[in-house]
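Quick notes on the structure that follows.
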Amino acid sequence: MSFNHIVLKNLRQNLKHYAMFLISLLLSIIIYFSFATLKYTDEIAAENARVIKNGAMVGLYALFVIIVVFLMYANHLFIKRRTKSFALFQLIGLTRGNILRMLCIEQLAFFVATGILGILLGLGGSQLLLIILGKLMELKVNINISFEPKALLVTLLLLAIAYILIFIQNAQFLKKRSILTMMKDSSQTEAKTARITPKEVLSGVLGIIMIVLGYYLSTEMMDKFANILTPFIILALTIVGAYLFFRSTVSVIFKSLKRMKKGHVGITDVVFTSSIMHRMKKNAMSLTVIAIISAITVTVLCSATIVKVSSAKQIEAAAPEDFDIVENKLASQFENKLQQADIPYNKKSYQVLQSPVKHNKVFTPESDNIPSFNRTTLSSNQHLKGNEAKITNISSLPQNIKVNLNQTVTVQGKTNAKLKVTSKDENKVYPLEITAMSPVLEVSPQVYQSLRTDELEVTEHGYNLKNQSDMAKAEKVAQQVNPDIESKRQVTKSNNQTTGIMIFVSAFLGFAFLIAAGCIIYIKQMDETEDELPSFKLLHRIGFTNSDMMPGLTLKVLFNFGLPLIIALLHSFFAASAFMNIMGSSSHTPVFIVMIVYTIVYAIFALIALLHSRRMINQAQ
């Protein structure tokens, strides 16, 4: 058999094993080429959508790093599962150079095939991306995407760099391993002793301490540990802590479970526990990588969701009505212009007092670093009597300010008034212009009048159009009165143009990370199942059926997928909470929604891996 025949035969045999790698490579090329096309389409700039090009550029650079690192890691997993065949090739006379040449031909065939298909599909993908961006950013972009030579060049550059780095990686892999090493690579156990060593216990405890410390620092990052180095310290603690947890804590747990059984080993233990203990060190590294990638994915998606929700709340606070005007003179001119243009509207006025706070037991800072609360906004509520007060506009409060009901606060106006806050309304929002980012205390009309002075009182007039079809005409009227007057629609559009690109790029980067995490763990599961096929065949020969082995296999898949997912969700929860503090958001609902969706998609990869493993075991009988 000639060398070319060997290459072709191996290519056909390994094609099914490379299926997930090829799919992920294809998706990576499609996404990358789509971003590149957006960046290099000149018509986009002419459409006043230059922010799209800037966002595409950010996404392009980030995707470049993600794709190259992922391809190298996936390739490492694939060539490790082929070590035994590499050793056999050397035994029949092939040199390491021949094997490296064979790998180069295989990789070249994969890169060329997926590259051509990915670029063709990427043309349609870029048009889809443009449509999604236009919706998110409320931009009217009517462009038909065509083939861009620059996009092709940068995509080919990505493939060339990835191919060269993989070539170097393969060469180093073959150079460092002898025939004997490659023959025993998959059979060598990493569990040197069944005894729990002090080093393992110490390392495991240290890993848990580092993770907990990282979480604690993230919760106090904005208060006690406000330092530029804090995020990097948190990152180092959580990554190293996760590795030590997977490497030592898990080992201690499994060894303890084994000791508790006192030598009574069942078929589930053989398939599940023994398999994990067999490759503990390898598991630790791969599970850490998967956990960190998943944590980054969820954090990125959570951040995008938090920005979207926070921006919507900010818009509601900045522009609660269709038009909001503070100055009485401008408001009167605007009303006259609307009447002249026959535009029907409803008017809503807000009158508040910007009052200094003298003594305060209602608003309590949660740390000494936070300045005391010295100003609040008062509004009249006819349903309140005496010195009763209701707190509203709570969303404007910083996260580190605690609200205490049934406590008193003394405010200063024409006179001083001691108010008792008896209730709160978390849903009611006042215009940002008249609250100065402070909560609003609703008081009785009598108290309001006793405190009122012309210097403290601020009025804002809100106008809601009866017919939204008149909005364009009303916006022209507003511009005639004062160019600074913007409608709620214009404020929303401006905000969406700012946040839309971030949400878009974050979403697609999260999608890319999800593909990477799912593929890596899928490949890992397939690698382990293939290595253990001789063991499954032996179990079949001594009388065990597939039904007997399925519980153990299911537990192993749950371990490989579930444990890094739990660590990733914990990491991302605390990271997202820290970001929420920065953004001034209080609701964890967006975070939980992202986590649930990610878990569902992630579980699909686990199910596919389980079904494929079952099929491989069935075929091994």
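Quick note: to get my numbering, add 252 to the position in the sequence shown (first position is 1). All C-beta atoms in this analysis are idealised placements derived from N, C-alpha and C, irrespective of residue type, glycine included.
In this structure, how does DSSP classify residue i when only helix, strand and coil are distinguished?
i      : result
Gly795 : coil
Val614 : coil
Pro608 : strand
Ser739 : strand
Ile595 : coil
Ile491 : helix
Ile344 : coil
Ala271 : helix
Ile860 : helix
Val843 : helix
Ile939 : No information on residue 939 is available, as it lies outside the stretch 253 to 873 that the chain covers here.
Lys637 : coil
Val655 : strand
Asn734 : coil
Lys666 : coil
Val681 : coil
Arg866 : helix
Ala571 : coil
Arg334 : coil
Hey, how far is the Cα of residue i from the Cα of residue j?
i      : j      : result
Leu810 : Ala858 : 8 Å
Phe341 : Phe419 : 19 Å
Asn598 : Tyr715 : 6 Å
Ser563 : Pro683 : 14 Å
Ile542 : Pro816 : 6 Å
Lys654 : Ile545 : 35 Å
Arg264 : Leu410 : 26 Å
Ile581 : Lys613 : A small correction: the amino acid at residue 581 is Lys; Ile does not occupy that position in the sequence shown. Rounded to the nearest angstrom, the two C-alpha atoms are 39 Å apart.
Ser721 : Pro596 : 11 Å
Thr366 : Met802 : 35 Å
Phe575 : Phe273 : 54 Å
Leu874 : Ala855 : A query on residue 874 cannot be resolved here, the shown segment of the chain reaching from 253 to 873 and no further.
Lys600 : Asn747 : 24 Å
Ile258 : Tyr284 : 34 Å
Lys745 : Ala730 : 17 Å
Val320 : Lys402 : 19 Å
Ile491 : Val843 : 21 Å
Ile357 : Ala768 : 24 Å
Leu465 : Leu489 : 7 Å
Leu553 : Val681 : 27 Å
Asp594 : Gln585 : 14 Å
His864 : Ala412 : 32 Å
Ile519 : Thr797 : 10 Å
Pro735 : Asp706 : 27 Å
Ala443 : Ile567 : The pLDDT assigned to Ala443 is 49, lower than 50, so where the model puts this residue is not dependable, and the model offers no usable value.
Asn327 : Val364 : 16 Å
Tyr700 : Ile834 : 34 Å
Thr289 : Gly762 : 20 Å
His713 : Glu573 : 9 Å
Ser758 : Ala828 : 14 Å
Thr616 : Asn679 : 21 Å
Thr441 : Ser799 : Interpretation of Thr441 is limited by its pLDDT of 48, a score under 50 that renders its predicted location unreliable; the figure taken from the coordinates is listed afterwards. Going by the C-alpha atoms only, they are around 26 Å apart.
Ile845 : Thr751 : 20 Å
For residue i, count neighbouring Cβ atoms within 10 angstroms of its own Cβ and tell me buried if that reaches 16, exposed if not.
i      : result
Ile486 : buried
Ile852 : exposed
Met689 : exposed
Met832 : buried
Ile416 : exposed
Pro691 : buried
Lys511 : Residue identity check: residue 511 is Arg in the sequence provided, not Lys. When all chains shown are included, Arg511 counts as exposed.
Leu657 : exposed
Ile869 : buried
Thr823 : Thr is not the amino acid found at residue 823; the sequence shown has His there. Buried: at least 16 other Cβ atoms inside 10 Å.
Tyr933 : Residue 933 cannot be examined here, being either before or after the span of the chain that is shown, 253 to 873.
Gln634 : exposed
Can you check DSSP and say which residues form a bridge with residue i?
i      : result
Gly714 : Asp576 and Lys600
Thr628 : Ser607
Asn660 : The amino acid occupying residue 660 in the given sequence is Thr; Asn does not appear at that position. Lys672.
Thr644 : Val692
Glu709 : Leu605
_So, does the region 448 to 461 touch the region 420 to 430, judging by three or more C-beta pairs under 8 Å?_
no
*Evaluate contact between the region 327 to 340 and the region 772 to 780, counting only Cβ atoms and requiring at least three cross-stretch pairs below 8 Å.*
yes
*Does the region 585 to 594 come close enough to the region 720 to 737 to have 3 or more Cβ pairs within less than 8 Å?*
yes
*Segment contact, 8 Å Cβ cut-off, at least three pairs: the region 658 to 671 with the region 732 to 750*: no
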